[in-house]
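Residue numbering for the sequence shown follows the numbering used here, starting at 15 and increasing by one per position.
All remarks here apply to the structure that follows.
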Amino acid sequence: MAHPFPSVAAPVLAPAQGLARPDLTWLQLVQGQIEASLAELFELPDEAGLDPRWTQAMARTRDYALRPAKRLRPVLVVAGYSLARGTTGVPAGLWQFAAGLELLHTFLLVHDDVADRADLRRGGAALHHLLAPGRAGEDLAVVVGDHLFARSMEAMLGSGLKGAAKACQYYLAVCRHTAAGQYLDLDLSRAALADVGLFQALRVAHLKTARYGFCAPLVCGAMLAEAGEELCQGLERVGRYGGLAYQLRDDVLGLFGDARMSGKAGDSDFCQGKRTFPVLAAYARANAEARAELERLWALPAGEKDEAALARARELVERWGGRAACERMVDRSSRAARGALRALPDGGGMRELLDNLITRLAHRAA
């Protein structure tokens with residue numbers, strides 16, 4: 015059974031009106047409550063005596079899961095719920111559901127980092143590096159990820175909310191599409207740039223990030239508030255464009271980002287050979303000579319993608335307009351998300367909070 019949560023009264027979230035910085039204050043309150051609830055999910059008395067090695071692994075996993083992070087998906091669950099109900103007060107069970115959804119996201123990050131051979135996550139070592147060196151750490155991290163998936167579903171289904179089963183079923187269906195997006199992301203990294211189009215990059219962004227990271231949390235929150243179909247569809251539109259803006263900004267940071275700010279390597283997409291939007295946009299605009307060089311750089315083995323190769327890759331993508339094209343698409347998608355948001359009811363000030371959040375995420379530096 016899910017670990018019982020302390021009762022949380024509705025006034026734990028201050029009203030949106032009347033605050034000097036309502037968006038930041040609300041966001042910080044939600045993030046703080048989510049992290050407290052997330053920590054509670056690791057309190058599992060039935061596992062205490064299993065084995066000291068497992069206890070140590072869970073301690074490391076707990077520390078990994080509680081590293082500073084945006085907690086974006088649970089924040090959007092609370093936002094969807096609050097907008098549907100027209101109030102920023104939420105029941106205790108919603109914190110448990112939202113924390114469970116964050117744990118589900120952590121499970122996916124653990125597995126993604128193994129698949130991507132990533133070294134860093136949220137300013138520290140990826141979990142597989144914490145558990146053991148080399149292949150052994152990867153194997154152990156996959157197993158720990160399976161545990162996190164089970165615990166997340168246990169928490170969400172045990173939240174006591176009337177619509178929890180329906181919301182879980184909906185979210186898991188979206189996760190199947192996320193797996194398809196991740197598969198394409200990995201598989202396309204083996205293809206020539208000439209064989210991958212911008213439409214495919216946008217499809218990956220939609221499947222891997224927009225639906226899973228934005229549409230589904232917002233819609234789940236509304237489902238838990240027993241919202242009607244019209245509102246759920248409106249939130250899905252907001253999430254689709256907001257999530258696309260978020261992923262395309264991530265594509266820029268994945269090639270041009272600063273690891274000191276983002277908490278993950280700024281050359282990660284290049285080293286992994288990702289066929290992201292800015293790269294493909296530059297390729298589409300480049301002359302034959304530049305296209306050949308881009309193909310050569312992206313086809314290099316990871317061990318040969320040194321600082322000089324990265325600098326040249328960045329230079330070519332910048333020169334041939336790939337970065338600028340991606341930035342324009344970010345702005346266009348962000349405006350579309352905010353336009354879709356304006357068609358929704360205000361929801362006790364929640365619409366403005368979401369508008370501010372979408373704007374900040376689309377222009378973030380980390």
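Built from N, CA and C at the ideal position, the CB exists for glycine as well.
Everything numeric in this text was worked out from a predicted model, so none of it was measured.
query                                                                                                                      : result
Val124 classed as buried or exposed, judged by whether at least 16 other C-beta atoms fall within 10 angstroms             : buried
Reduced DSSP category for Pro25 - H, G, I as helix; E, B as strand; rest coil                                              : Residue confidence for Pro25 is low, a pLDDT of 32 falling below 50, so the modelled location carries little weight; the figure read from the coordinates is stated next. Looking at Pro25 - three-state DSSP - the assignment turns out to be helix.
Short Cβ contact (8 Å threshold) for Leu52 with Leu80                                                                      : yes
In DSSP terms, what Leu134 is bridged to                                                                                   : Ala139
Arg289 versus Asp320 - alpha carbon distance                                                                               : 18 Å
Stretch pair the region 215-227 + the region 308-327: three plus CB contacts closer than 8 Å                               : no
Three or more C-beta pairs below 8 Å linking the region 291-303 and the region 202-215                                     : yes
Residue closest to Tyr197, alpha-carbon to alpha-carbon, out of Ala179, Val91, Asp126, Leu144                              : Asp126
Straight-line Cα distance separating Leu41 from Arg35                                                                      : Reliability fails at Arg35, whose pLDDT of 42 lies under 50, so the model's placement of it is uncertain and the value that follows must be treated cautiously. Approximately 10 Å, taken between the alpha carbons.
Cut-off 6 Å between Cβ atoms - residues of its own chain near Gln261, not counting five sequence neighbours on either side : Ala219, Thr223
C-alpha distance - Arg190 paired with Leu122, whole-angstrom precision                                                     : 12 Å
Exposure of Leu428, with buried meaning 16 or more beta-carbon neighbours within 10 Å                                      : Limits of the chain in this structure are 15 at one end and 380 at the other, which puts residue 428 out of reach.
Uninterrupted alpha helix (DSSP H) stretches inside the region 36-123 (no shorter than 4 residues)                         : 36-54, 66-79, 86-99
Contact the region 68-77 vs the region 98-116: 3+ CB pairs below 8 Å                                                       : no
Assigned secondary structure, Ala357 (DSSP; H/G/I helix, E/B strand, else coil)                                            : coil
Beta-carbon proximity of Arg263 to Arg136, cut-off 8 Å                                                                     : no
Pairwise C-alpha distance: Leu171 and Tyr297                                                                               : 46 Å
Sequence ranges, alpha helix (DSSP H) only - wholly within the region 286-359, length at least 4                           : 291-299, 302-313, 321-333, 336-356
Three or more C-beta pairs below 8 Å linking the region 203-213 and the region 235-255                                     : no
Inter-residue Cα distance where the pair is Arg251 and Ser348                                                              : 12 Å
Given Tyr226 as reference, the closest of Ser203, Leu238, Asp265, Tyr185 once Cα atoms are compared                        : Tyr185
Rounded separation between Ile48 and Gly353 - CA only                                                                      : 28 Å
Within 8 Å, strictly: CB atoms of Arg99 and Ala239                                                                         : yes
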